[in-house]
Amino acid sequence: MRKYTKAFTLGLQNALEYRMNFLLILISCIFPILIQYFLWTTIFVSKGDSEVLGYNFNQIIVYTICAALLSKLVATGFEYEVSNDVKNGQLSKFLVQPIGYFQYRISSFLGEKTPQIIVVMLILFIILTSLSLFIHMETEITLARMLMFFLVVPISILLNFFISYCLSTLSFWLLEVWGIYHTFGLLSSIASGGIFPLDMFGATINRILDFLPFKYIVFFPINVINGKLPWDGIMSGVLMQFTWIFVLFLLSKLLWYKGMQRFESVGG
Amino acid sequence: MSIIEVNNLSKQFSYYKKELGLKSSIKSLFHRELLYKQAVKDVSFTVEEGEIVGFLGPNGAGKTTTLKMLSGIIYPTGGSASVLGFKPWERKKNFKQQFAIVMGQKNQLWWDLPANESLQLNKCIYEVSDHDFAMTIGELTELLDVKDLLKVQVRKLSLGERMKMELIAALLHKPKVIFLDEPTIGLDILSQKNIRAFFKYYNQQNKVTIVLTSHYMNDIIDLCKRTIVINEGSVVYDDDLANINAMLEEKKIATVTLLNSVNKDDLLRYGKIKEHGELEFTLEMNKENSQQIIKSMLENLPIADFTLEDISIEEGIAALYQTR
Amino acid sequence: MSQIWKNTRRYAYIYFLFLKYSLISLMAYRINFVFGMLVELGYIVIKLTYVYIVFRVGENINGLTPYNVTLFVGTYIIMSGIYSALLFFNFIKLPELIRTGDLDMYITKPISLQFITTLKSIDISVAVPNIIGGVIMVAIGWNQSHIEVNAANVIGYVGYLILGVITTYSIFLIPQMLAFWTVKTTGLTDLSNSLFDFNQMPMTIYNRLLQRVGTFIIPVFLLTNYSPLFLLHGLSRLEMVWGIAAPFIFLILVRIFWNYALRHYTSASS
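Chains as they are written, first to last, in UniProt numbering: chain G, 1 to 268; chain D, 1 to 324; chain Z, 1 to 270.
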């Protein structure tokens with residue numbers, strides 16, 4: 001157990017080391033938020049309705065802010081490290097050490113995310129409470145929902161970890177992977193609801209998205225807090241999150257097993 | 001008029017004092033202490049056409065900084081210089097077309113392309129005619145024995161081969177003045193020799209003027225009749241290389257290996273100890289009575305091995321660095 | 001006069017060599033070529049989601065139909081392609097050239113230093129999907145906005161596009177030049193590059209203040225907005241003139257700043 005706390009602390013130290021970097025990333029969210037703010041203002045003024053695509057103005061602004069910050073928070077990056085470990089044979093080091101590679105990765109990832117969760121949650125808490133104080137929200141952001149949100153977000157982060165962990169096995173079969181990782185990241189930011197709320201995309205697209213895990217990373221947690229989901233919807237959503245985590249966990253086991261076979265036969 | 005004239009050339013770099021720790025880094029947001037470093041001070045010399053002059057000096061002595069000012073890369077903070085009648089740092093096109101600088105640690109060839117592509121680019125940049133281009137390439141590849149390598153990707157060349165290509169790229173426009181900054185750095189002995197031989201020949205054939213800095217004494221001994229030694233930004237010696245030898249000839253160096261360790265005082269009787277290990281010692285002694293000293297050493301000390309030599313030019317120059 | 005002509009031809013030929021070299025290098029790293037295209041496709045999809053949402057909303061926004069918006073976004077995609085293929089990699093390498101002192105060799109060449117350091121690296125891979133996708137979107141937007149295809153419109157559109165490239169060159173080069181004073185520019189680079197994204201949507205959605213700032217002070221809207229606005233008769237006479245003058249004003253400013261910055265170059269001590 002001690003070695004996993006060690007990996008956890010390493011991730012934590014890493015996050016603290018690069019804290020300025022993370023802060024800059026958060027600050028860079030301001031521009032897309034600003035663009036969307038003006039876009040929606042213009043749309044609402046032009047249309048003259050109080051609701052567009054199922055959202056009122058305040059809801060869409062809250063969504064935009066939460067989505068921008070959340071997608072930065074759930075972001076991974078260790079998949080590049082995994083492919084480096086595969087490429088230069090670092091992985092074989094873990095084969096002889098008494099620490100599992102999976103355990104090492106997840107401990108250090110959670111260690112890295114812990115301070116970031118605290119920071120982002122604090123920022124969101126301040127923004128949301130001040131928003132609900134100064135502007136009238138159609139649906140109240142209740143304290144209960146906020147607490148639920150804080151419980152759901154770590155699960156989303158975990159879910160995204162498993163997606164990336166499965167994806168990272170690509171490096172067993174391909175020599176170069178950066179382009180695939182990068183593109184995957186861009187597409188998953190759309191599919192998770194990191195740019196626009198998914199229900200705005202219409203029924204057809206949503207039928208496809210329902211079969212994918214991405215919507216439980218950003219779209220679902222925000223629906224918890226903005227009051228769009230009733231409580232039983234939240235419960236079944238959490239259940240879906242855990243189901244996906246379980247499925248992806250099994251998938252990652254399989255992929256890593258296949259990948260390691262290949263890694264050892266090639267000679268690392 | 002000499003081809004290179006340098007008068008009281010000086011360069012002062014300014015930089016901010018770096019302090020460690022959070023407190024001082026916050027403090028430095030408001031006030032940073034500006035410090036100055038005198039890299040080159042009052043350097044003066046002249047070089048005549050066709051001469052090869054060696055620049056010697058320890059790391060950070062100001063050799064490269066001087067070369068960079070002479071090639072117009074940086075501005076001086078004082079003094080004047082003229083190369084081919086131009087003020088280098090005015091960066092006149094006419095001036096740039098008549099000189100070349102080769103820096104051993106920097107390459108101008110495109111890494112992923114065959115060398116002949118980079119040469120083609122230099123041909124356009126320096127406005128070399130097709131005829132001259134073909135002539136020069138033919139001649140230089142012959143001399144440097146790299147004819148077959150022109151179409152090989154630069155990153156696949158060995159370090160020595162790459163340096164030769166760099167030289168061709170630099171000499172394409174037939175410069176009248178060439179600055180060489182550590183041209184043989186990192187090369188194996190054979191490549192170093194080849195490149196030296198090439199410059200010797202090239203200088204004789206084309207009467208070009210060469211100013212050369214190097215860490216390797218052999219580069220200087222082989223190529224340069226005249227040497228300028230720079231230390232801490234100032235010229236400490238400017239004369240024939242051979243004269244350094246003469247200055248230092250009255251000393252000899254003995255390297256002694258002992259069978260078992262002896263008291264240090266027993267050794268001090270014979271000369272100045274320059275280096276010493278467990279059983280190995282290097283002693284400096286006067287030339288005139290060296291024979292007697294050796295004789296008495298062989299009688300009194302448990303000697304296993306023994307060599308005697310003149311002070312090398314390297315050490316002579318090291319001694320020069322320390323004067324002043 | 002013939003001297004100028006000769007020089008122009010020389011520079012054009014050297015630029016042609018840069019292009020040729022970049023193609024040879026790309027062939028050496030074919031996977032990077034594929035990945036470059038792939039990543040750009042990802043970015044195009046993100047840009048398209050904005051258009052998709054506008055179509056879903058279905059309403060005119062500030063007088064612009066969804067097809068008008070397509071015209072704007074198509075132009076924006078074309079410009080991203082041009083910027084990342086011709087300029088971006090040069091600009092991000094500049095601080096590195098200064099830091100390592102690799103600029104030294106370029107300074108001694110009898111050719112414009114600004115030309116060689118800011119235009120040398122070209123990466124066609126990122127341009128391919130953007131130019132193709134962008135042109136298709138512009139064609140659709142143009143057609144569905146019922147704009148006549150005549151010489152005046154085409155010249156106006158392409159003209160403002162080229163002027164936009166010049167402005168892009170100027171306003172993205174300035175932050176990189178701060179590297180001459182050994183300022184860390186990475187944060188600044190990210191910031192200035194994200195300014196580019198303000199063209200994601202037509203400039204008419206922003207409030208008056210932002211429009212003014214983005215036109216006259218940090219002219220980000222000149223990059224991709226004036227071409228479609230010209231077609232839609234959305235430019236006042238003053239704006240038309242400013243759109244032509246501004247690129248050259250900023251280019252001259254950059255040139256002055258460049259010469260000033262170069263005096264501060266101290267070369268890396270090696």
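Quick reminder that beta carbons are idealized off the backbone N, C-alpha and C, glycines included.
Q: Indicate whether ARG126 (chain Z) and GLU40 (chain Z) have their beta-carbon atoms separated by less than 7 Å.
A: Start at 1 with the first residue of the third sequence, and residue 126 (chain Z) comes out as number 126. Start at 1 with the first residue of the third sequence, and residue 40 (chain Z) comes out as number 40. It is Val, not Arg, that sits at residue 126 (chain Z) in the sequence shown. Going by C-beta atoms, VAL126 (chain Z) is nearer than 7 Å to GLU40 (chain Z).
Q: Report the residue from G:LEU167, G:GLN241 and G:LEU186 whose alpha carbon sits nearest the alpha carbon of SER83 (chain G).
A: The sequence position of residue 83 (chain G) within the first sequence is 83, counting from 1. Residue G:LEU167 is the option with its Cα nearest to SER83 (chain G).
Q.
Is there a C-beta anywhere in chain Z that falls below 7 Å from the one on THR183 (chain G)?
A. The residue labelled residue 183 (chain G) in the question sits at position 183 within the first sequence. Any Cβ of chain Z closer than 7 Å to the Cβ of THR183 (chain G) would place that residue at the interface, and such an atom is present.
Q.
In whole angstroms, give me the CA-to-CA distance for MET79 (chain Z) and ARG105 (chain G).
A. What you label residue 79 (chain Z) is simply residue 79 of the third sequence in a count that begins at 1. What you label residue 105 (chain G) is simply residue 105 of the first sequence in a count that begins at 1. Whole-angstrom Cα-Cα distance: 40 Å.
Q) Of all Cβ atoms in chain Z, is any one closer than 7 Å to the Cβ of ARG324 (chain D)? A) Position 324 of the second sequence, counted from the start, is the residue given in the question as residue 324 (chain D). Summary for ARG324 (chain D): the model assigns pLDDT 46, below 50, so the residue's position carries little reliability; its value from the coordinates is reported in the next sentence. Chain Z contact via Cβ: absent.
Q: Check the Cβ-Cβ distances between GLU176 (chain G) and every residue of chain Z, and say whether any is below 7 Å.
A: Your numbering for residue 176 (chain G) matches position 176 in the first sequence. So, interface residue.
Q: Report the neighbours of ILE185 (chain D) on chain Z: residues whose CB is nearer than 8 Å to its CB, in chain order.
A: Numbered from 1 along the second sequence, position 185 holds the residue referred to as residue 185 (chain D). In chain order: nothing, as chain Z lies at least about 10 Å away.
Q: Please say whether ILE230 (chain D) and LYS93 (chain D) have beta carbons closer to each other than 7 Å?
A: Counting from 1 along the second sequence, the entry for residue 93 (chain D) is found at position 93. Counting from 1 along the second sequence, the entry for residue 230 (chain D) is found at position 230. No; because the gap between Cβ atoms is not below 7 Å, this pair is not in contact.
Q: Consult DSSP for ILE317 (chain D) and reduce its assignment to one of helix, strand or coil.
A: The residue given as residue 317 (chain D) occupies position 317 in the second sequence. Helix.
Q: Starting from the N-terminal side, write out each stretch of the beta strand (DSSP E) that is 3 residues or longer and does not extend beyond the segment 68-147 of chain D.
A: 78-83 and 99-103
Q. Leaving out five residues before and five after LEU97 (chain Z) in sequence, what residues of the same chain have Cβ atoms less than 6 Å from its Cβ?
A. Position 97 of the third sequence, counted from the first residue, corresponds to residue 97 (chain Z). For LEU97 (chain Z), where only same-chain residues beyond five positions count, the Cβ hits under 6 Å are LEU103.
Q | Proximity of THR118 (chain Z) and ASN153 (chain Z) at Cβ, strictly below 7 Å | A | Mapped onto the third sequence, residue 118 (chain Z) falls at position 118. Mapped onto the third sequence, residue 153 (chain Z) falls at position 153. Taking 7 Å as the Cβ cut-off, THR118 (chain Z) and ASN153 (chain Z) do not qualify as a contacting pair.
Q. What's the C-alpha gap between LEU53 (chain D) and TRP89 (chain D)?
A. Sequence index remark: in the second sequence, residue 53 (chain D) carries index 53 (1-based). Sequence index remark: in the second sequence, residue 89 (chain D) carries index 89 (1-based). Sequence check: residue 53 (chain D) is Val here, not Leu. Going from the Cα of VAL53 (chain D) to the Cα of TRP89 (chain D) covers about 21 Å.
Q | Cutoff 7 Å: ASP123 (chain Z) Cβ touching any chain G Cβ | A | In the third sequence, residue 123 (chain Z) corresponds to position 123, counting from 1. Answer no: the Cβ-Cβ gap between ASP123 (chain Z) and chain G never drops below 7 Å.
Q | Closer than 7 Å to chain D by CB, ALA12 (chain Z) | A | Residue numbering aside, residue 12 (chain Z) sits at position 12 when the third sequence is read from its first letter. No, because no Cβ of chain D sits closer than 7 Å to the Cβ of ALA12 (chain Z).
Q: Indicate the three-state DSSP secondary structure (helix, strand or coil) for PHE161 (chain G) in the structure shown.
A: The residue you call residue 161 (chain G) lines up with position 161 of the first sequence. Assignment of PHE161 (chain G) by DSSP, reduced to helix, strand and coil, places it in the helix class.
Q) Across which residues does DSSP place SER10 (chain D) in a beta bridge pair? A) Counting from one through the second sequence, the residue named residue 10 (chain D) turns up at place 10. DSSP, once it has assigned bridges, lists D:GLY78 as partnering SER10 (chain D).
Q) Under the criterion of a Cβ to heavy atom distance below 6 Å, does PHE99 (chain D) qualify as lining the ligand GTP? A) The ligand GTP is not part of the structure shown, which contains no ligands of any sort.
Q.
Going by beta-carbon coordinates alone, are SER170 (chain Z) and VAL254 (chain Z) separated by less than 7 Å?
A. Indexing the third sequence from 1 puts residue 170 (chain Z) at position 170. Indexing the third sequence from 1 puts residue 254 (chain Z) at position 254. In this structure, VAL254 (chain Z) lies closer than 7 Å to SER170 (chain Z) by Cβ.
Q: Using a Cβ cut-off of 7 Å (strictly closer), state whether ILE43 (chain G) contacts chain Z.
A: Within the first sequence, residue 43 (chain G) is the residue found at index 43, counting from 1. ILE43 (chain G) belongs to the set of residues whose beta carbon lies under 7 Å from a beta carbon in chain Z.
Q: Just grab the DSSP bridge partners of ASP181 (chain D) for me.
A: By 1-based counting over the second sequence, the position of residue 181 (chain D) is 181. BP columns for ASP181 (chain D) point to D:MET103 and D:THR213.
Q: Report the partner residues of THR255 (chain D) according to the DSSP bridge assignment.
A: Here the question's residue 255 (chain D) lines up with position 255 in the second sequence. Partner(s): D:THR282 and D:THR307.
**Q.** Closest Cα partner of PHE257 (chain Z) within the set Z:LEU209, Z:LEU178 and Z:PHE55
**A.** Residue numbering aside, residue 257 (chain Z) sits at position 257 when the third sequence is read from its first letter. Measuring from the Cα of PHE257 (chain Z), the nearest candidate turns out to be Z:LEU178.
Q.
When you compare the CB of ALA151 (chain Z) with every CB in chain D, is at least one pair closer than 7 Å?
A. Against the third sequence, residue 151 (chain Z) aligns to sequence position 151. Answer no: the Cβ-Cβ gap between ALA151 (chain Z) and chain D never drops below 7 Å.
Q: Kindly list, in the order they appear in chain G, the residues whose Cβ is closer than 7 Å to that of MET201 (chain Z).
A: By one-based count along the third sequence, residue 201 (chain Z) stands at place 201. The answer, in chain order, is ILE35 and LEU39.
Q) How big is the Cα-Cα spacing for PHE102 (chain G) and ASP210 (chain G)? A) Here residue 102 (chain G) corresponds to residue number 102 of the first sequence, with the count starting at 1. Here residue 210 (chain G) corresponds to residue number 210 of the first sequence, with the count starting at 1. About 28 Å.
Q: Determine whether the Cβ of TYR206 (chain Z) lies closer than 7 Å to any Cβ atom of chain G.
A: As a position in the third sequence, residue 206 (chain Z) is number 206, starting the count at 1. It does: the Cβ of TYR206 (chain Z) has a partner Cβ on chain G nearer than 7 Å.
Q: Round the Cβ separation of TYR50 (chain Z) and VAL73 (chain Z) to the nearest angstrom and send it over; I've been treating them as touching at under 8 Å.
A: Start at 1 with the first residue of the third sequence, and residue 50 (chain Z) comes out as number 50. Start at 1 with the first residue of the third sequence, and residue 73 (chain Z) comes out as number 73. Yes, they are in contact, since the Cβ atoms of TYR50 (chain Z) and VAL73 (chain Z) sit about 7 Å apart, within 8 Å.
Q: Confirm, please, whether the CB-CB distance from THR136 (chain D) to LEU159 (chain D) is below 7 Å.
A: Position 159 of the second sequence holds residue 159 (chain D). Position 136 of the second sequence holds residue 136 (chain D). In this structure, THR136 (chain D) does not lie closer than 7 Å to LEU159 (chain D) by Cβ.
Q. Between MET105 (chain Z) and chain D, is there a C-beta pair that is closer than 7 Å?
A. Mapped onto the third sequence, residue 105 (chain Z) falls at position 105. Judged by the 7 Å Cβ criterion, MET105 (chain Z) is in contact with chain D.
(Q) Which residues in chain Z have a C-beta closer than 9 Å to the C-beta of LEU167 (chain G)? List them in chain order. (A) Working through the first sequence from its first residue, we reach residue 167 (chain G) at position 167. In chain order: nothing, as chain Z lies at least about 14 Å away.
**Q.** Cross-chain neighbours of SER92 (chain G) in chain Z, by beta carbon under 7 Å
**A.** For the purposes of this step, residue 92 (chain G) is identified with residue 92 of the first sequence, where counting begins at 1. Here the premise fails: no neighbours, minimum Cβ distance about 24 Å.
Q. At what residues does the alpha helix (DSSP H) containing PHE134 (chain G) begin and finish?
A. Taking the first residue of the first sequence as 1, we reach residue 134 (chain G) at position 134. Run containing PHE134 (chain G): 101-134, per the alpha helix (DSSP H) assignment.
Q: Decide if GLU112 (chain G) is buried, meaning its Cβ has at least 16 other Cβ atoms within 10 Å, or exposed.
A: The residue given as residue 112 (chain G) occupies position 112 in the first sequence. Looking at its Cβ environment, which holds 16 or more other Cβ atoms inside 10 Å, GLU112 (chain G) is buried.
Q.
Suppose the cutoff is 6 Å on Cβ atoms and the five residues either side in sequence are ignored; what does the same chain contact list for residue 281 (chain G) look like?
A. Any property of residue 281 (chain G) remains undetermined from this structure, which presents chain G solely from 1 to 268.
Q. LEU147 (chain G) to GLY58 (chain Z), Cα distance in whole Å?
A. Counting from 1 along the first sequence, the entry for residue 147 (chain G) is found at position 147. Counting from 1 along the third sequence, the entry for residue 58 (chain Z) is found at position 58. In a straight line, the C-alpha of LEU147 (chain G) is about 37 Å away from that of GLY58 (chain Z).
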